[in-house]
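Please read the structure below before turning to the comments.
Number of protein chains: 2
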Amino acid sequence: MTAAELLDSLVFDRDGLIPAIAQQHDSGEVLMLAWMNRAAIDETLSTGRVCYWSRSRKSLWRKGETSGQVQRLVEFRVDCDNDCLLLLVDQKGVACHTGRRNCFFTAIRDGKAETIAEVVVDPAKLYGA
Amino acid sequence: MTAAELLDSLVFDRDGLIPAIAQQHDSGEVLMLAWMNRAAIDETLSTGRVCYWSRSRKSLWRKGETSGQVQRLVEFRVDCDNDCLLLLVDQKGVACHTGRRNCFFTAIRDGKAETIAEVVVDPAKLYGA
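Protein sequences appear in the order of chains A and B.
Counting from 119, one number per residue, gives the positions in the first sequence under my numbering.
Counting from 119, one number per residue, gives the positions in the second sequence under my numbering.
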């Protein structure tokens with residue numbers, strides 16, 4: 119199958135979106151989950167820089183455009199139902215807008231919600247507050 | 119914050135669902151993405167065995183109930199927006215209904231869609247065909 123045929127077989131939800139998991143290609147760290155539409159997928163594959171769809175801003179979201187924390191695409195994978203993407207990426211700096219390396223920094227441990235990762239970059243520096 | 123307060127702050131979509139990424143706790147392999155409602159979350163946390171919501175069957179989906187390929191919960195994590203879950207699990211056997219270890223076995227390489235993982239368990243054996 120060609121890549122184009124695979125992309126044409128993707129299953130988007132009623133908003134035209136598909137969830138995309140970003141995973142650091144070498145460490146295996148799960149960085150974030152975001153959403154893509156077909157235009158975001160096409161741009162990501164053609165540029166090699168990950169572009170999502172921002173559901174809040176309702177526009178293409180070129181990850182790192184403001185913060186500099188870009189994701190270079192290493193490999194684009196599709197799941198068995200064609201309704202979820204796994205992006206192996208090389209994350210520059212931090213993936214999370216809180217300045218943490220990844221977005222999954224709250225864990226349930228012993229009945230409590232614990233913060234398990236430190237802020238490594240001041241968000242004010244990322245977004246020029 | 120208590121675990122209960124964290125769970126009450128989760129953001130579900132208009133169908134009452136939240137996406138959940140399952141990751142093998144020790145290897146870091148991303149196994150699958152599925153969906154949970156509040157009942158599936160509560161059952162997963164109380165039993166330590168992962169239970170999703172099946173969107174196709176519209177019922178609780180106790181992963182491995184038919185196939186035996188259960189997921190034991192190792193840690194339950196929530197992302198910065200409270201709208202995605204990361205489940206660290208210990209996957210018995212294979213996660214994918216195709217008999218592959220994980221669901222993300224199709225990759226775009228050199229303009230082609232390539233199958234990059236082998237079937238390790240015959241699906242007929244998993245589902246008693």
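Cβ coordinates follow ideal geometry from the N, Cα and C atoms, glycine included.
Because the structure is a prediction, the values reported are computed rather than measured.
So what's Ile159(A) in DSSP terms, helix, strand or just coil? For the purposes of this step, residue 159(A) is taken as residue 41 along the first sequence, with counting starting at 1. Three-state DSSP puts Ile159(A) in a helix.
Quick check on Met154(A): buried or exposed, where buried means 16 or more other Cβ atoms within 10 Å of its Cβ? For the purposes of this step, residue 154(A) is taken as residue 36 along the first sequence, with counting starting at 1. Taking all protein chains in view, the Cβ of Met154(A) is crowded by 16 or more other Cβ atoms within 10 Å, so the residue is classified as buried.
As a quick exercise: from Leu178(B), Val238(B), Ala140(B) and Gly146(B), pick the residue whose alpha carbon is nearest that of Gly211(B). What you label residue 211(B) is simply residue 93 of the second sequence in a count that begins at 1. Here the closest residue by C-alpha is Val238(B).
Given that Gln141(B) touches chain A, what residues does it touch there, using C-beta distances under 7 Å? Against the second sequence, residue 141(B) aligns to sequence position 23. Within chain A, the residues placing a beta-carbon under 7 Å from that of Gln141(B) are Val148, ordered along the chain.
Compute the Euclidean distance between the alpha carbons of Ile234(A) and Asp228(B), then round it to the nearest angstrom. For the purposes of this step, residue 234(A) is taken as residue 116 along the first sequence, with counting starting at 1. For the purposes of this step, residue 228(B) is taken as residue 110 along the second sequence, with counting starting at 1. Answer to the nearest angstrom: the Cα atoms are 39 Å apart.
Check each candidate in Arg132(B), Leu149(B), Asp133(B) and Gly134(B) and name the one with the smallest Cα separation from Ala140(B). One-based indexing of the second sequence puts residue 140(B) at position 22. Closest option to Ala140(B), Cα to Cα, is Leu149(B).
Show which residues of chain A have a CB atom less than 8 Å away from the CB atom of Arg167(B). To locate residue 167(B), count along the second sequence from 1; it is residue 49. Chain-order list of chain A residues neighbouring Arg167(B): empty, with the shortest C-beta distance near 16 Å, by a criterion of under 8 Å.
In chain order, what residues of the same chain lie with their CB nearer than 8 Å to the CB of Trp179(A), ignoring the 5 residues before and after it? What you label residue 179(A) is simply residue 61 of the first sequence in a count that begins at 1. Ala152, Ala158, Cys169, Tyr170, Trp171 and Ser172, listed in sequence order.
Mind checking Thr162(B): buried by the 16 CB within 10 Å criterion, or exposed? The residue given as residue 162(B) occupies position 44 in the second sequence. With a threshold of 16 other beta carbon atoms within 10 Å, Thr162(B) meets it and is buried.
Is there at least one Cβ from chain B nearer than 7 Å to Val196(A)'s Cβ? As a position in the first sequence, residue 196(A) is number 78, starting the count at 1. So, interface residue.
Which residues in chain A have a C-beta closer than 9 Å to the C-beta of Leu244(B)? List them in chain order. For the purposes of this step, residue 244(B) is taken as residue 126 along the second sequence, with counting starting at 1. Here the premise fails: no neighbours, minimum Cβ distance about 13 Å.
Does the Cβ of Gly186(A) have 16 or more other Cβ atoms within 10 Å, making it buried, or fewer, making it exposed? Working through the first sequence from its first residue, we reach residue 186(A) at position 68. Exposed, since its Cβ has fewer than 16 Cβ neighbours within 10 Å.
Pro332(B) versus chain A: which residues are under 8 Å apart at the beta carbon? Any answer about residue 332(B) is impossible in this case: the structure gives chain B only from 119 up to 247.
Out of Cys202(B), Leu124(B) and Asp144(B), which one is the CA nearest neighbour of Asn220(A)? The residue labelled residue 220(A) in the question sits at position 102 within the first sequence. Taking each of Cys202(B), Leu124(B) and Asp144(B) in turn and checking the Cα distance to Asn220(A), the smallest one comes out for Cys202(B).
For chain A, check one thing: does any of its Cβ atoms lie closer than 7 Å to the Cβ of Thr216(B)? Taking the first residue of the second sequence as position 1, residue 216(B) is located at position 98. By this cut-off, Thr216(B) is an interface position.
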